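Line order of the protein sequences matches chains P and S. Just so we're aligned: 166 in the numbering used here is position 166 of the first sequence, and the numbers increase by one with no gaps anywhere. Just so we're aligned: 498 in the numbering used here is position 1 of the second sequence, and the numbers increase by one with no gaps anywhere.
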Amino acid sequence: MNFPILSSLILLPTIGAFFLLFSKDKNSNTDKYVALFTSFVNFLISIYLWFLFDPTSSSFQFIEDREWLKGFINYKVGIDGISILFIILTTLITPLCIISVNNKIENRLRDFLIAILLMESLMIGVFCSLDLVIFYLFFEAGLIPMFLIIGIWGGARRVYSAFKFFLYTLLGSVLMLVAIISIYWMSGTTDIIQLYELGIDTKYQNLLWLAFFSSFAVKTPMWPVHTWLPDAHVEAPTAGSVLLAAILLKMAGYGFIRFSLGLFPLASEFFTPLVYSLSLIAIVYTSLVALMQEDMKKLIAYSSVAHMGFVTLGIFTITQQGIEGSIIQMISHGLVSAALFLCVGVVYDRIHSRLIKTYGGLISIMPKYSILFMLFTLAALGLPGTSGFIGEFLILMGAFKDNFLVAVIASLGVIFGAAYMLWLYRRVVFGKLINKDLLKMADLDRSERFILLSLAIPVLFFGFYPEPLMNTIEISVKNLIDMYNFNLNMYSSEVQQ
Amino acid sequence: MNNLHFISPEIFVSLTVMFLLILGVFIKNSSNLIHNLSMIFLFITGILILNNPLETNITLFNGSYIIDNLSSYMKALTILGGVVVLSISKKYLKISNIFLIEYPILILSSILGMMVMISSNDLIVFYVGLELQSLALYVLASFNRDQLKSSESGLKYFVLSALSSGLLLYGCSLIYGFSGSTNFNIVAQTINSTHYGLTFGIVFILVGLAFKISAVPFHMWAPDVYEGSPTSVTLFFAIVPKIAALTVFIRFLYIPFINMIDQWQTIIVFLSITSMIFGAVAAIGQKNLKRLIAYSSIGHIGYTLAGLAVGTNEGIQSSIVYISIYIVMNLGLFSCLLMMKRNNQYFETIDDLSGLSKNHSVLSLSLLIILFSLAGIPPLAGFFAKFYIFKAVIEQSMFFLAIVGLLSTVIAAFYYLRIIKVIYFDEEKEKYDTEHSIWLKISLTFSTLLILLYFIFPSKLVEIVSRINII
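If you want it as structure tokens, here you go:
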């Protein structure tokens, strides 16, 4: 038995949170250093994990298997090329979130840090778990800290948003719970690796797929159940929005790949048109909605819905390019949307307004900010040379292979995306400086620069050289598609007989 | 008579009740002494129960009294509830000026009644136990007799409970009439399921039992009684009688009438679904915490019944696991309620919790954990309780019940969230007292830790409960 590296990744932030809970120190800086230290160590471990990871193997690695509920469920974690990227994304974003709370949250800083660290544990757990029940446990438990983050430290309508977030997600998830128990009832196990081999009874696949879909669609969020997202984003504190956009939304995309495609290939094939339509509506409709927003955070929130529409589209093309593109798009969106929310946070902290019309002409007073903001704007609209381009390009390529019309409509979304992002940038950064309050605003301070730069580097690096990402996921995705096609072929030959 | 040691706990409790009663008459101002003594004696009773060798399955008194794993487990749970109630209610009673010798004695005698119910294998024995516990509970409900609400709740409980006892007795007579015996095992052998008389008998008895555990549509008494009774009595109401009634439910349905499952299953499913939905919906508008707990307990009873409706050993076990976890959660919740005290006055509305987290971080954290657990959010104990229930339900393909149940957890989550919102998001109010009795602190800490850390060793409780095989 090797060192349980995944469990320590999951546990470490919780241990940090535990220390914070009992710290009696009045000095809030100590708390921050403890939290920062824990999450940074976690980041290093996850990088080391990537280093150890063998991208040429198609099976799950670093598997830990312990008896948990006797004779029924085992605590089983393990990773493949798909999950490791999400784990690294999580461990990268969390320390940045912790740095970003610098002096901005006065009230109950310690509780806030505890909530963020617990979130990190749970999110890593989601991406590692190889058992449906364990997955559900991590997936659902994340609601508690997020509810508190939005509700305690959020803006004016935080209570409404927190409730909406919680109840929407819970409603979607309970159906998934029914499906998970039904799977156990039919197959006698909830272990994902075994289920991949056993397959799930074709008669029930459609119903089960819908139950999982109800949960993932809410979390993604797909149109028409996306309405919680703008509310939650707008009211959450900056660090909360970042966590939500960068990682929480990715749980659903990950879930689609791991469970919907992996466990229910027939149903996925059957429901592909549904997912296509919903994704296209999300891409076109929410892009148009984003054009009309006056609140910066809301605009970025809607753009997230549109980007996630690309992701779901890419996943259900079920082509190598499409799925790889979706994964890279998710990673890229994780970095870029986090950065954009932080950019909004930067100006919001200075004059406490998120309305676009308050700003204008920032370029003359905040040049460094404007440059970084420009970079992330361009990454969000998918300019070649940024990571956003790779994802969108691959997704569209996969879509063209599968369905020409769908791809054409989706391409429209790219144009709209450029429109709303560039227009946002123009109104905020360029133009005449009319509002005199803006003159007091200082440019980025050291920690803000550090955060944005550490997000900018991977965005540019993977934009020019996506090879490390592609290498990591290639075999796993290929394996997934092979399995998918194998199941489909087997079914069709059965039907012929 | 050489089997008499099997009922030594019951004998011990009855002797204790009489002894304490006499002691109370002869020694003046002995409330404190009697309270402490009753705690100790109850504790000893608990040891006596656990002292019975495992895997016993013994019937006494011509088969009318049964000692098995189910009875031992449920009695131990009852005693646990009783000891905790007694230990954390002392200060409350003192402050409310009702620190009288009758209180522990009444609790003991109702526990005696419950123990008889739990072990009964005969309709008459069961009825005797039921009446003993009910009589004590009537008095307990109106224990704060100077308060209008308390007297009202006692009277209300008495009238409605008497009605339900009447129905129950009528059901017993029907069953006796159509099967020729009151003993569960003999009834099981002689029943002729084609007879409508038996079905009527079952229905009447189920109505009476549903009343005792406050399942919809026989729940009307619960909110008023919970609100009106002194808080420590409400705690007792909320947990202990439910254990006994649930045991009788299990025995009654699964020993004599297991072959008539087609007939009673629909009834239990109906009771379960209506309780789950009603408990969730009706609690939304409540302002008083005790009333809210009443509705929430109605909802939880719905889930417990869902496990019973299944008709397998697994279903029964899941119900028992559910009620055990439910008891721990309620102990924690009421400990919090008993800590909301300022200048010798207790507070019990939701608004009084406003901004609690700013001044009382530990108390609010515990409440947070308990409430999320009641709402059934993983990884807390309440989730596992629901998980077992739904696993048992789905394994019998009762998808409708499962989906309704899970959807009502979403509705129920709303009102638990509302309390959390008041605690964490709202403006703070005056501080509460921070000095509490050591028992209260222990009870709160233990229940919170059990709920929080349950997921580390989730199979321990299940292992114990899985020894209970009825069918």
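A virtual CB, placed ideally from N, CA and C, is assigned to each residue, including glycine. Note that the structure is predicted; figures quoted are calculated from it, not measured.
Residue i classed as buried or exposed, judged by whether at least 16 other C-beta atoms fall within 10 angstroms
i, result
"Thr317(P)", "buried"
"His352(P)", "exposed"
"Lys298(P)", "buried"
"Glu960(S)", "exposed"
"Glu445(S)", "The requested residue 445(S) is not part of the displayed model; chain S covers only 498 to 968."
"Ser492(P)", "exposed"
"Leu355(P)", "exposed"
"Tyr465(P)", "exposed"
"Pro720(S)", "buried"
"Ile781(S)", "exposed"
"Tyr723(S)", "buried"
"Trp584(P)", "Since the displayed chain P opens at 1 and closes at 497, residue 584(P) lies outside it and no answer follows."
"Ala1042(S)", "With chain S running from 498 to 968 in the structure shown, residue 1042(S) is simply not present."
Extent of the continuous alpha helix (DSSP H) to which residue i belongs
i, result
"Ile481(P)", "Glu467 to Gln496"
"Ile672(S)", "Leu645 to Ser676"
"Met330(P)", "Gln320 to Ile351"
"Thr220(P)", "No alpha helix (DSSP H) holds Thr220(P); DSSP gives it neither H nor E."
"Thr286(P)", "Pro265 to Leu291"
"Arg446(P)", "Arg446 to Phe464"
"Tyr912(S)", "Phe896 to Phe922"
"Tyr168(P)", "Arg158 to Ser187"
"Pro720(S)", "Trp718 to Gly725"
"Phe943(S)", "Ile935 to Leu950"
"Ser854(S)", "Leu853 to Asn856"
"Ala638(S)", "Leu620 to Ala638"
"Thr227(P)", "Element bounds for Thr227(P): n/a, residue is neither H nor E."
"Tyr369(P)", "Pro367 to Ala380"
"Met441(P)", "Looking at the DSSP string, Met441(P) is not in any alpha helix (DSSP H), and its letter there is neither H nor E."
Min CB distance residue i to chain S below 8 Å
i, result
"Tyr136(P)", "yes"
"Gly262(P)", "no"
"Val174(P)", "yes"
"Glu120(P)", "no"
"Gly16(P)", "no"
"Lys70(P)", "yes"
"Val34(P)", "no"
"Glu140(P)", "yes"
"Gly360(P)", "no"
"Gly240(P)", "no"
"Ser161(P)", "no"
"Ile144(P)", "yes"
Span of the beta strand (DSSP E) around residue i
i, result
"Ile555(S)", "Ile555 to Leu557"
"Thr563(S)", "Contrary to the premise, residue 563(S) reads as Ile rather than Thr in this sequence. It spans Tyr562 to Ile564 - the beta strand (DSSP E) in which Ile563(S) sits, taken as one unbroken run."
Residue-level contact to chain P via CB, residue i, 8 Å cutoff
i, result
"Leu904(S)", "yes"
"Ser956(S)", "yes"
"Glu924(S)", "no"
"Ala899(S)", "yes"
"Gly720(S)", "Note that residue 720(S) corresponds to Pro in the displayed sequence, not to Gly. No, because no Cβ of chain P sits closer than 8 Å to the Cβ of Pro720(S)."
"Lys888(S)", "yes"
"Glu649(S)", "no"
"Leu914(S)", "yes"
"Lys928(S)", "no"
"Glu507(S)", "no"
"Phe844(S)", "no"
The ligand PLP heavy atom lying under 7 Å from the CB of residue i
i, result
"Phe701(S)", "No copy of the ligand PLP occurs in the structure displayed, which carries no ligand at all."
Contact set between residue i and chain B, taken where Cβ atoms lie within less than 8 Å
i, result
"Lys918(S)", "Looking for chain B here will not work: the only protein chains present are P and S."
Mind the definition here: the segment 132 to 151 of chain P touches the segment 30 to 43 of chain P only if three or more C-beta pairs lie below 8 Å; say whether that holds.
no
Residue ranges of each alpha helix (DSSP H) run of no fewer than 4 residues wholly in the segment 53 to 138 of chain P, ordered along the chain?
81 to 100 and 109 to 128
Meets three-Cβ-pair contact criterion under 8 Å: the segment 149 to 158 of chain P and the segment 230 to 241 of chain P:
yes
Curious, which full-length beta strand (DSSP E) runs of at least 3 residues does the segment 767 to 810 of chain S contain?
none
Would you be able to state if there are at least three C-beta pairs under 8 Å between the segment 913 to 925 of chain S and the segment 821 to 829 of chain S?
no
Can you confirm whether the segment 730 to 750 of chain S touches the segment 663 to 678 of chain S when touching is taken to mean that 3 or more C-beta pairs between the two stretches lie within less than 8 Å?
no
Can you give, in chain order, each stretch of the alpha helix (DSSP H) that sits fully within the segment 569 to 604 of chain S and has at least 4 residues?
none
Pairing CB atoms from the segment 612 to 620 of chain S with CB atoms from the segment 556 to 570 of chain S, are three or more of them under 8 Å?
yes
Is it a yes or a no for the segment 880 to 888 of chain S touching the segment 898 to 914 of chain S, going by three-plus beta-carbon pairs under 8 Å?
yes
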